[in-house]
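A short write-up of the structure that comes next.
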Amino acid sequence: MNSKKSLGILEGTDSSHYLTPPTFSPLNPSGIPTDPQNISNKSNLENISKDEGESLDSLQVPKILSQYLKQQLCYDVLPISFRAIVLDSGLLVKKALAALLQNGVASAPIWDAAQQKFAGMLTVADFINLIQYFYQHSSYTEALEEIEQLKIHALRGIEEQLGVPTPAIVSAHPLDSLYHASKIMIDANLQRLALVDKDSQTGDDVIISVLTQSRILKFVASNVSIYPTILYSTGT
Numbered sequence: 001m002n003s004k005k006s007l008g009i010l011e012g013t014d015s016s017h018y019l020t021p022p023t024f025s026p027l028n029p030s031g032i033p034t035d036p037q038n039i040s041n042k043s044n045l046e047n048i049s050k051d052e053g054e055s056l057d058s059l060q061v062p063k064i065l066s067q068y069l070k071q072q073l074c075y076d077v078l079p080i081s082f083r084a085i086v087l088d089s090g091l092l093v094k095k096a097l098a099a100l101l102q103n104g105v106a107s108a109p110i111w112d113a114a115q116q117k118f119a120g121m122l123t124v125a126d127f128i129n130l131i132q133y134f135y136q137h138s139s140y141t142e143a144l145e146e147i148e149q150l151k152i153h154a155l156r157g158i159e160e161q162l163g164v165p166t167p168a169i170v171s172a173h174p175l176d177s178l179y180h181a182s183k184i185m186i187d188a189n190l191q192r193l194a195l196v197d198k199d200s201q202t203g204d205d206v207i208i209s210v211l212t213q214s215r216i217l218k219f220v221a222s223n224v225s226i227y228p229t230i231l232y233s234t235g236t
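To convert, note that position 60 of the sequence shown is 60 in full-length UniProt numbering; the numbers rise steadily by one, no gaps.
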């Protein structure tokens, strides 16, 4: 059961419209969840003996890991209990920054309340662009005044004035495979990818969580027992 913490949005949403989380077994020592579905997949991988694992070459390793990622869902990677930090597009930028710092996260999904949909991610790059914009177009005093009123949705206009590419709004469904999500992250050069579901009654977006590269790697390392052997045998 996930506990969601949102900033000014999603209050009063019927939780029955969310995906039903899979049943996880207890956390392993590293704190990464393992689920019953993985048992059969893991046992298949364990059929490769240690001797065979040591003979694996660098061409076999990607194939084995790709096969494993195609068998797992994005939802499998999420902790048993988690909170989703979601920022309304009408929130002041200074409050959004405070929220990120308070919760110890480097980015968060943006929610467009008017259109009831996912509107991209607020990341460190947005704040870098903001600093660059004020440096080029405003004095120190003017920047302090503007930042007091600046809202998240205005950041895209600032990017246009700077001439920097507007971030693509990409996401994955929680029931997509980890392979599919990983490919999206690689193609778009992302470190984090929002997991977005659809409300079964209204069709509106429902932001579930954020998938990160590090969590995928920890999940693979915790569930694929031959992974350390592969790494050792290939000298990586």
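Don't be surprised by glycine CBs; every beta carbon is placed ideally from N, CA and C.
Residues sharing a beta bridge with residue i, DSSP
| i | result |
| --- | --- |
| I207 | V196 |
| D88 | W111 |
| A172 | L195 |
| K151 | L92 |
Residue burial classification, residue i (beta-carbon count within 10 angstroms, cutoff 16)
| i | result |
| --- | --- |
| Q72 | buried |
| V124 | exposed |
| L175 | exposed |
| P62 | exposed |
| I216 | buried |
| A168 | exposed |
| L155 | buried |
| A181 | buried |
| Y75 | buried |
| N103 | exposed |
| L78 | buried |
| D126 | buried |
| S89 | buried |
For residue i, three-class secondary structure by DSSP
| i | result |
| --- | --- |
| F127 | helix |
| L73 | strand |
| S214 | helix |
| L190 | coil |
| F118 | strand |
| S138 | coil |
| N38 | Bear in mind that a pLDDT of 48 at N38, under 50, signals an unreliable position, so the model cannot answer this. |
| S182 | helix |
| S177 | strand |
| R156 | helix |
| Q60 | helix |
| A106 | coil |
| L65 | helix |
| L78 | coil |
Short Cβ contact (8 Å threshold) for residue i with residue j
| i | j | result |
| --- | --- | --- |
| A119 | W111 | yes |
| K94 | I147 | yes |
| H177 | L87 | The displayed chain sequence assigns Ser, not His, to residue 177. Not in contact: S177 and L87 (Cβ atoms no closer than 8 Å). |
| Y133 | I158 | yes |
| L130 | L92 | no |
| L190 | V210 | no |
| L100 | A113 | no |
| A207 | A96 | The amino acid at residue 207 is misidentified as Ala; the sequence shows Ile. No, Cβ-Cβ distance for I207 and A96 is not below 8 Å. |
| L195 | A221 | no |
| V164 | I184 | no |
| K117 | D197 | no |
Residue i Cβ short of 7 Å to the ligand ZN heavy atom set
| i | result |
| --- | --- |
| I64 | Ligands displayed in this structure: none; no statement on the ligand ZN is therefore possible. |
Chain B within 8 Å of residue i, Cβ atoms only
| i | result |
| --- | --- |
| H180 | Within the model displayed, chain B is absent; a lone protein chain is all it includes. |
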